[in-house]
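First the structure, in the form of structure tokens, and then the observations on it.
There are 2 protein chains.
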Amino acid sequence: MAVAKGRDARFMRIAIKKTVEGIKDGQTPFGAAIVKDGKLICAAHNVVWDTMDITAHGEVNAIRIACRRLGTIDLSGCTIYSTCEPCPMCFSAIHWAKISRIVFGATIADAKSAGFRELEITNAQMKRMGKSKIKIKGGVLRSECLRLFALFRKHEGRKKLY
Amino acid sequence: MAVAKGRDARFMRIAIKKTVEGIKDGQTPFGAAIVKDGKLICAAHNVVWDTMDITAHGEVNAIRIACRRLGTIDLSGCTIYSTCEPCPMCFSAIHWAKISRIVFGATIADAKSAGFRELEITNAQMKRMGKSKIKIKGGVLRSECLRLFALFRKHEGRKKLY
Numbered sequence: 004m005a006v007a008k009g010r011d012a013r014f015m016r017i018a019i020k021k022t023v024e025g026i027k028d029g030q031t032p033f034g035a036a037i038v039k040d041g042k043l044i045c046a047a048h049n050v051v052w053d054t055m056d057i058t059a060h061g062e063v064n065a066i067r068i069a070c071r072r073l074g075t076i077d078l079s080g081c082t083i084y085s086t087c088e089p090c091p092m093c094f095s096a097i098h099w100a101k102i103s104r105i106v107f108g109a110t111i112a113d114a115k116s117a118g119f120r121e122l123e124i125t126n127a128q129m130k131r132m133g134k135s136k137i138k139i140k141g142g143v144l145r146s147e148c149l150r151l152f153a154l155f156r157k158h159e160g161r162k163k164l165y
Numbered sequence: 004m005a006v007a008k009g010r011d012a013r014f015m016r017i018a019i020k021k022t023v024e025g026i027k028d029g030q031t032p033f034g035a036a037i038v039k040d041g042k043l044i045c046a047a048h049n050v051v052w053d054t055m056d057i058t059a060h061g062e063v064n065a066i067r068i069a070c071r072r073l074g075t076i077d078l079s080g081c082t083i084y085s086t087c088e089p090c091p092m093c094f095s096a097i098h099w100a101k102i103s104r105i106v107f108g109a110t111i112a113d114a115k116s117a118g119f120r121e122l123e124i125t126n127a128q129m130k131r132m133g134k135s136k137i138k139i140k141g142g143v144l145r146s147e148c149l150r151l152f153a154l155f156r157k158h159e160g161r162k163k164l165y
């Protein structure tokens, strides 16, 4: 599975790079990329503070952009790469968009440890309870994704989190 | 509790009225109203088809509008009235927005019976698993909210649901 692993790492690095841009722009340390048939559709970071839209997480933002770019609300066949395990809002947005696969780096528990006010329900729990068929792969470049939290803290200092 | 009940019914009727507007405009039968200190902040219906944004459920749309109107991402002290029990995406958006109370009419199981592709996880389950302190009251004007599904079907015929 070396090739598949390589591809997942490659797209995760794109999500990480976009997240770093977000941090430098004063946003929180979360980003995502959406890929279809091996091609990047879009990458986006969280823009909650920038847009005063509390729902504008990295994944939600990426899904909205992908729907516009592809001209559809049906993202079947797409994979979403997220630097952090999607929160239940984002997991459910991914469900509604019919995305086929989630690949994530850090976990919701990691985000909570970093100070974010998470509903601590894992993607595996959401999948099981919601009887979803989505494929999920966690832990891809987790240590690089964890470093985003440290970079954010260094950048934002003691800024109050939402 | 007659007064509280009367107030809840009054604001739910505003959400229902907005949902009927949405149905007539070709949208799906879901709407919400956000209230603070007894005053209506906004009412909104689902605009997924209108905006090609799969995340634009009635509650998410209402939260986005309320944040803009109040100039904040913190909706503490607000109540959200939803014609249908918020799906896990909307429940979690409500959590992030720090809304204090959810009042809903029909249930997620009702929406599933009406043909919508729900992740069948109740608000009570989300609250318990996510250790949320949000107050939840269901069944407010449920039969009127259920009629919205029938009105939608009559209007949209056999249109494919997302």
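Protein chains in written order, with the numbering used here: chain A, 4 to 165; chain B, 4 to 165. All residues carry an ideal CB built from backbone N, CA and C; glycine is no exception.
Verify the CB distance criterion: does residue i have a CB-CB separation below 8 Å to chain B?
{"i": "A/HIS98", "result": "yes"}
{"i": "A/LYS140", "result": "no"}
{"i": "A/LYS134", "result": "yes"}
{"i": "A/SER103", "result": "no"}
{"i": "A/ILE76", "result": "yes"}
{"i": "A/ALA7", "result": "Its pLDDT being 46, under 50, A/ALA7 is placed unreliably in this model, and the coordinates cannot settle the point."}
{"i": "A/ILE37", "result": "no"}
{"i": "A/MET4", "result": "Reliability of the predicted coordinates at A/MET4 is poor, the pLDDT of 40 falling under 50, and no value is obtained from them."}
Counting contacts by CB-CB distance shorter than 8 Å, is residue i in contact with chain A?
{"i": "B/LEU144", "result": "no"}
{"i": "B/CYS90", "result": "yes"}
{"i": "B/GLN128", "result": "yes"}
{"i": "B/THR22", "result": "no"}
{"i": "B/ILE57", "result": "yes"}
{"i": "B/ARG71", "result": "yes"}
{"i": "B/LEU122", "result": "yes"}
{"i": "B/VAL63", "result": "yes"}
{"i": "B/SER79", "result": "no"}
{"i": "B/ILE66", "result": "yes"}
{"i": "B/VAL50", "result": "no"}
Taking the alpha helix (DSSP H) that residue i belongs to, which residues open and close that run?
{"i": "A/GLY166", "result": "Nothing about residue 166 of chain A can be read from this structure; chain A reaches only from 4 to 165."}
{"i": "B/LYS1", "result": "Beyond the ends of chain B as shown, which are 4 and 165, falls residue 1 of chain B; an answer cannot be given."}
{"i": "B/THR54", "result": "51-54"}
Are the beta-carbon atoms belonging to residue i and residue j less than 8 Å from one another?
{"i": "B/ILE57", "j": "A/ILE66", "result": "yes"}
{"i": "B/GLY74", "j": "B/LYS39", "result": "no"}
{"i": "A/ALA46", "j": "A/ILE17", "result": "yes"}
{"i": "A/PRO91", "j": "B/SER103", "result": "no"}
{"i": "A/MET15", "j": "B/ILE124", "result": "no"}
What number of angstroms, rounded off, separates the C-alpha of residue i from the C-alpha of residue j?
{"i": "A/ARG156", "j": "B/ALA117", "result": "46 Å"}
{"i": "A/SER85", "j": "B/GLY9", "result": "44 Å"}
{"i": "B/GLY108", "j": "B/LYS140", "result": "9 Å"}
{"i": "A/TRP52", "j": "A/GLY29", "result": "8 Å"}
{"i": "B/HIS158", "j": "B/LYS42", "result": "32 Å"}
{"i": "A/GLU24", "j": "B/ALA12", "result": "46 Å"}
{"i": "A/LEU144", "j": "A/ILE19", "result": "9 Å"}
{"i": "A/LEU154", "j": "A/THR110", "result": "17 Å"}
The beta strand (DSSP E) that contains residue i, what's its start and end?
{"i": "A/LEU43", "result": "42-48"}
{"i": "B/LYS140", "result": "138-140"}
Segments of 4+ residues assigned as alpha helix (DSSP H) that fall wholly inside the region 56-128 of chain A: The qualifying runs are 61-73, 91-99, 111-116.
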